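**Student:**
Residue numbers (the numbering used here): 3 to 91.
(1) Could you please give the first and the last residue of the uninterrupted alpha helix (DSSP H) stretch that includes residue 8?
(2) Flag this pair as touching only if the stretch 11-26 and the stretch 40-53 have three or more C-beta atom pairs under 8 angstroms; answer yes or no.
(3) Determine the burial state of residue 65: buried for a count of at least 16 other Cβ atoms within 10 Å of its Cβ, exposed for fewer.
(4) CA-CA distance, residue 31 and residue 18?
(5) Please classify residue 82: does DSSP put it in a helix, a strand, or coil?
Listed below in structure tokens is the structure:
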């Protein structure tokens, strides 16, 4: 999935540099690759970013739930929770 994302982002940037609009880029990419390869909304969103001068194709860091678990943190949290359960009983 990440490879597909990287590919359609590069294709969208290429279409943008060829001075295509979002709809034309969407149609061209889906015609060349496969129907549904990139959604219309994704094409429009990236073209809006490109128009502001942001041509960064990498994922941005996001806040929220971490994508990877830290085993030590899980063990520590579990041990703390067990101590609390014993204190309440």
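All C-beta atoms in this analysis are idealised placements derived from N, C-alpha and C, irrespective of residue type, glycine included. Computed from a predicted model, the values in this text were never measured in an experiment.
**Tutor:** Working from what's here:
(1) Its alpha helix (DSSP H) spans residues 4-19.
(2) Yes, since at least three Cβ pairs between the stretch 11-26 and the stretch 40-53 fall closer than 8 angstroms, the two stretches touch.
(3) Its Cβ having fewer than 16 others within 10 Å, residue 65 is exposed.
(4) Going from the Cα of residue 31 to the Cα of residue 18 covers about 12 angstroms.
(5) Here residue 82 sits in helix by DSSP.
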